[in-house]
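Novice: The structure under discussion is supplied below as structure tokens; questions concerning it will follow.
2 protein chains.
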Amino acid sequence: MSILDFWFEFASTYSYPAAMRIGNAVKGTGVNVRWRPFLLGPIFKAQGWDNSPFNIFSAKGRYMWRDIERECKAYGIPFRKPDPFPQPSLLAARVAACGTSEPWGEDFVRAVYRAEFADGRQIGEPDVLTAILEELGVDAASILTRAQSDANKAMLRGATAEALERGIFGAPTFITEDGEMFWGNDRLEQAIAWAKGGSGGIRT
Amino acid sequence: MSILDFWFEFASTYSYPAAMRIGNAVKGTGVNVRWRPFLLGPIFKAQGWDNSPFNIFSAKGRYMWRDIERECKAYGIPFRKPDPFPQPSLLAARVAACGTSEPWGEDFVRAVYRAEFADGRQIGEPDVLTAILEELGVDAASILTRAQSDANKAMLRGATAEALERGIFGAPTFITEDGEMFWGNDRLEQAIAWAKGGSGGIRT
Numbered sequence: 010m011s012i013l014d015f016w017f018e019f020a021s022t023y024s025y026p027a028a029m030r031i032g033n034a035v036k037g038t039g040v041n042v043r044w045r046p047f048l049l050g051p052i053f054k055a056q057g058w059d060n061s062p063f064n065i066f067s068a069k070g071r072y073m074w075r076d077i078e079r080e081c082k083a084y085g086i087p088f089r090k091p092d093p094f095p096q097p098s099l100l101a102a103r104v105a106a107c108g109t110s111e112p113w114g115e116d117f118v119r120a121v122y123r124a125e126f127a128d129g130r131q132i133g134e135p136d137v138l139t140a141i142l143e144e145l146g147v148d149a150a151s152i153l154t155r156a157q158s159d160a161n162k163a164m165l166r167g168a169t170a171e172a173l174e175r176g177i178f179g180a181p182t183f184i185t186e187d188g189e190m191f192w193g194n195d196r197l198e199q200a201i202a203w204a205k206g207g208s209g210g211i212r213t
Numbered sequence: 010m011s012i013l014d015f016w017f018e019f020a021s022t023y024s025y026p027a028a029m030r031i032g033n034a035v036k037g038t039g040v041n042v043r044w045r046p047f048l049l050g051p052i053f054k055a056q057g058w059d060n061s062p063f064n065i066f067s068a069k070g071r072y073m074w075r076d077i078e079r080e081c082k083a084y085g086i087p088f089r090k091p092d093p094f095p096q097p098s099l100l101a102a103r104v105a106a107c108g109t110s111e112p113w114g115e116d117f118v119r120a121v122y123r124a125e126f127a128d129g130r131q132i133g134e135p136d137v138l139t140a141i142l143e144e145l146g147v148d149a150a151s152i153l154t155r156a157q158s159d160a161n162k163a164m165l166r167g168a169t170a171e172a173l174e175r176g177i178f179g180a181p182t183f184i185t186e187d188g189e190m191f192w193g194n195d196r197l198e199q200a201i202a203w204a205k206g207g208s209g210g211i212r213t
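Note that the protein sequences, when read in sequence, are chains A and B.
Position 169 of the first sequence, counted from 1, bears residue number 178 in the working numbering, the numbering being contiguous throughout.
Position 174 of the second sequence, counted from 1, bears residue number 183 in the working numbering, the numbering being contiguous throughout.
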């Protein structure tokens, strides 16, 4: 059983199709996904940006909205542009950070992405996250308290520091156990092939 | 017969595999490629950059060198990192601009990319371009003179202004006759499918 780290950020557009696809994509491959929520804010700040690069670089941003619409359509994944963009993702990331080893963790991540990129909901609002957790049948109030504990905040900060130290500069990013990095939803299949070992014609 | 514009820049890393692949990729599709050399410098300047983003944003640059090595290996295309990077591409772009409607034009583009990204040659040096043109059996001296004429310089400036106006922000970029834009070597197949019309599950 090989492990593939999946680094994602809720405000990241291309993390959405990656999060919706990765579960099915690894089925039967022997590759186990480790879901790694982190924050792009500090990483963008290290590159001199105080906003999404898609907002700072408007031509690239215009293209991205068209591209992700086409990509989601090709995957059969519903898509609606979040308004505003980016959505405040801190609280959702904290909940995800304390849910990664819980049975509801992956479903929560997918539900947040669906709320944000398919249903036009405001994922920065605690009420929206509460509703999502309740739909998953877990104790929303106690999870939100735990998510905002100092220990959990520190865990998320630590994950973000680890991402920066590993050379992550955007999301989604996939990293194999032997340290091979793949950036972007487009590279999901290659990352899985690499994690499986010696396949896909891409191991050098 | 549908036309697909292929916008490329000699200093662009991912334009290299795209240039080497596009000829075979369109074979039998009924899609005709229009080779569009342009300069990324003015376009990067409009985004506030005075160097390649892969040099400005070092983590992204480190990843890119690894990724393009993997990609080229998967395609069976030789790869060697140019030194220095980026290579001065102005003169080669001028030659390409005056060669786009000549029988040697496409071969020249591929030969320059091969010289730069496979053979470690300095494509900014007139002698290197002269040797490439001579290998193609054309009159190198007269072509280099024509490439540096005011009319040809103006043509390349015009192409770059057109790229900026069309919203191009990087290379390679593919644009179909109906104005659909695809950015990056990864999107070559989708661009061709779109140009063919109604295929690939991506026409919306």
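Glycine included, each C-beta is placed from N, C-alpha and C at the ideal position.
What are the uninterrupted segments assigned as beta strand (DSSP E) that are 3 or more residues long and contained completely in the stretch 11-47 of chain A, given in chain order?
Specialist: The stretch 11-47 of chain A contains these whole beta strand (DSSP E) runs: 11-17 and 40-46.
Novice: Please name the residue, chosen from Lys90/A, Arg30/A, Phe178/A and Gly114/A, that lies closest to Ala101/A on a Cα-to-Cα basis.
Specialist: Mapped onto the first sequence, residue 101/A falls at position 92. The shortest C-alpha separation from Ala101/A is found at Gly114/A.
Novice: Between Ala106/B and the rest of its own chain, which residues show a CB-CB distance below 8 angstroms, the 5 nearest in sequence each way excluded?
Specialist: For the purposes of this step, residue 106/B is taken as the residue at position 97 of the second sequence. Result list for Ala106/B: Pro46, Ala156, Asn161, Met164, Leu165 and Ala168, in chain order.
Novice: Indicate the three-state DSSP secondary structure (helix, strand or coil) for Phe191/A in the structure shown.
Specialist: Against the first sequence, residue 191/A aligns to sequence position 182. In this structure, Phe191/A counts as strand in the three-state DSSP scheme.
Novice: Are any of the Cβ atoms in chain B nearer than 8 angstroms to that of Tyr25/A?
Specialist: Counted from its first residue, the first sequence places residue 25/A at position 16. Closer than 8 angstroms: no.
Novice: Where Ser98/A and Glu125/B are concerned, what is the direct C-alpha to C-alpha distance, given to the nearest angstrom?
Specialist: If you number the first sequence from 1, residue 98/A lands on position 89. If you number the second sequence from 1, residue 125/B lands on position 116. Using only the alpha carbons, I get a separation of about 43 angstroms.
Novice: In the DSSP assignment, the alpha helix (DSSP H) including Thr154/A goes from what residue to what residue?
Specialist: For the purposes of this step, residue 154/A is taken as the residue at position 145 of the first sequence. That run of the alpha helix (DSSP H) goes Ala149 to Ala156.
Novice: Let me see if you follow: with CB-CB separation under 8 angstroms, is Asp195/A close to chain B or not?
Specialist: Locating residue 195/A in the first sequence gives position 186, counting from the first residue. Yes, its Cβ sits closer than 8 angstroms to a Cβ of chain B.
Novice: Is it buried or exposed for Thr213/A, if we count other Cβ within 10 angstroms and need 16 for buried?
Specialist: One-based indexing of the first sequence puts residue 213/A at position 204. Its pLDDT being 45, under 50, Thr213/A is placed unreliably by the model, and the measurement read from it follows with that caveat. Answer is exposed; the Cβ neighbour count stays below 16.
Novice: My parser needs the beta strand (DSSP E) runs of 3 or more residues fully inside the stretch 40-120 of chain A; what are they?
Specialist: 40-46, all fully within the stretch 40-120 of chain A.
Novice: Find the nearest neighbour of Ala204/A within the set Ile184/A, Gly193/A, Trp192/A and Met29/A, judged by alpha-carbon distance.
Specialist: As a first step, residue 204/A is located in the first sequence; it is residue number 195 there, counting from the start. Residue Ile184/A is the option with its Cα nearest to Ala204/A.
Novice: Quick one: which chain A residues come within Cβ less than 9 angstroms of Lys6/B?
Specialist: Because chain B here runs from 10 to 213, residue 6/B falls outside it and cannot be looked at.
Novice: I need the straight-line Cα distance from Ser208/A to Arg30/B, nearest angstrom please.
Specialist: For this step, residue 208/A is matched to residue 199 along the first sequence. For this step, residue 30/B is matched to residue 21 along the second sequence. Because the pLDDT at Ser208/A is just 44, under 50, the model does not fix this residue reliably, and the value given afterwards should be weighed accordingly. The straight-line gap from Cα to Cα measures roughly 22 angstroms.
Novice: Under the rule that 16 or more other beta-carbon atoms within 10 Å means buried, what is Gly210/B, buried or exposed?
Specialist: By one-based count along the second sequence, residue 210/B stands at place 201. The pLDDT assigned to Gly210/B is 43, lower than 50, so where the model puts this residue is not dependable; a value taken from the coordinates is nonetheless given after this. Gly210/B is exposed by the Cβ-count criterion.
Novice: Going along chain A in order, which residues have a C-beta closer than 8 angstroms to the C-beta of Met190/B?
Specialist: Within the second sequence, the letter at position 181 stands for residue 190/B. Going along chain A in sequence order, the residues near Met190/B (Cβ under 8 angstroms) are Tyr72 and Arg75.
Novice: Using 8 angstroms as the limit for Cβ to Cβ distance, is Lys69/B near chain A?
Specialist: In the second sequence, counting from the first residue as 1, residue 69/B sits at position 60. It does: the Cβ of Lys69/B has a partner Cβ on chain A nearer than 8 angstroms.
Novice: Which of the three DSSP states, helix, strand or coil, is assigned to Ile184/B?
Specialist: Position 175 of the second sequence holds residue 184/B. Residue state, collapsed to three classes: strand.
Novice: Could you check whether the stretch 47-67 of chain B touches the stretch 176-190 of chain B, counting it as contact only if at least three pairs of C-beta atoms, one from each stretch, sit closer than 8 angstroms?
Specialist: The stretch 47-67 of chain B is in contact with the stretch 176-190 of chain B.
Novice: Run through chain A and tell me which residues come within less than 8 angstroms of Phe126/B, C-beta to C-beta.
Specialist: Stepping through the second sequence from its first residue, residue 126/B is reached at position 117. Correct list: empty, because the minimum Cβ distance to chain A is about 16 angstroms.
Novice: What did DSSP end up calling Gln131/B once you bin it into helix, strand or coil?
Specialist: Your numbering for residue 131/B matches position 122 in the second sequence. Gln131/B falls in the coil class under three-state DSSP.
Novice: Would you call the stretch 143-157 of chain B and the stretch 187-199 of chain A in contact, with 3 or more CB pairs under 8 angstroms?
Specialist: Flag = no, the stretch 143-157 of chain B and the stretch 187-199 of chain A do not touch.
Novice: Do you know whose CA, among Arg89/B, Ser110/B and Pro93/B, lies nearest Asn64/B's CA?
Specialist: Taking the first residue of the second sequence as 1, we reach residue 64/B at position 55. Cα-wise, what sits closest to Asn64/B is Pro93/B.
Novice: Have a look at Met73/A and Ser151/B and give me their C-alpha separation to the nearest angstrom.
Specialist: As a working mapping, residue 73/A is identified with position 64 in the first sequence. As a working mapping, residue 151/B is identified with position 142 in the second sequence. Cα to Cα, Met73/A sits roughly 43 angstroms from Ser151/B.
Novice: If you reduce the DSSP assignment to three classes, tell me which class Gly210/B lands in.
Specialist: If you number the second sequence from 1, residue 210/B lands on position 201. Any reading at Gly210/B must be qualified, since the residue scores a pLDDT of 43, below 50, and its modelled position is unreliable; the value itself is stated next. Reduced to three states, the DSSP call for Gly210/B is coil.
Novice: Go to Arg166/A, then tell me how far its alpha helix (DSSP H) extends in each direction, as first and last residue.
Specialist: Indexing the first sequence from 1 puts residue 166/A at position 157. Element bounds for Arg166/A: Asp159 to Glu174.
Novice: At which residues does the alpha helix (DSSP H) containing Ile201/A begin and terminate?
Specialist: In the first sequence, counting from the first residue as 1, residue 201/A sits at position 192. Start and end: Leu197 to Lys205.
Novice: Any Cβ of chain B within less than 8 angstroms of the Cβ of Phe66/A?
Specialist: Stepping through the first sequence from its first residue, residue 66/A is reached at position 57. At least one chain B Cβ lies under 8 angstroms of Phe66/A.
Novice: Using a C-beta to C-beta distance shorter than 8 angstroms, which residues of chain B count as neighbours of Phe178/A?
Specialist: Here residue 178/A refers to the residue found at position 169 of the first sequence. Chain B residues near Phe178/A: Phe66, Ala68, Lys69 and Tyr72.
Novice: Less than 8 angstroms between CB atoms is the rule here; does Gln157/B satisfy it with respect to chain A?
Specialist: Position 148 of the second sequence, counting from 1, holds the residue named residue 157/B. Chain A contact via Cβ: absent.
Novice: Confirm, please, whether the CB-CB distance from Thr182/A to Trp58/A is below 8 angstroms.
Specialist: Translated into the one-based positions of the first sequence, residue 58/A becomes position 49. Translated into the one-based positions of the first sequence, residue 182/A becomes position 173. Not closer than 8 angstroms, so no.
Novice: Beta-carbon of Gln131/B versus every beta-carbon of chain A: anything under 8 angstroms?
Specialist: Looking up residue 131/B in the second sequence gives position 122. No, Gln131/B does not count as interfacial toward chain A.
Novice: Have a look at Val40/B and Lys69/B and give me their C-alpha separation to the nearest angstrom.
Specialist: To locate residue 40/B, count along the second sequence from 1; it is residue 31. To locate residue 69/B, count along the second sequence from 1; it is residue 60. When rounded, the distance between both Cα atoms is 33 angstroms.
Novice: Using a C-beta cutoff of 8 angstroms, does Gln96/B count as contacting chain A?
Specialist: Position 87 of the second sequence, counted from the first residue, corresponds to residue 96/B. Gln96/B does not count as touching chain A.
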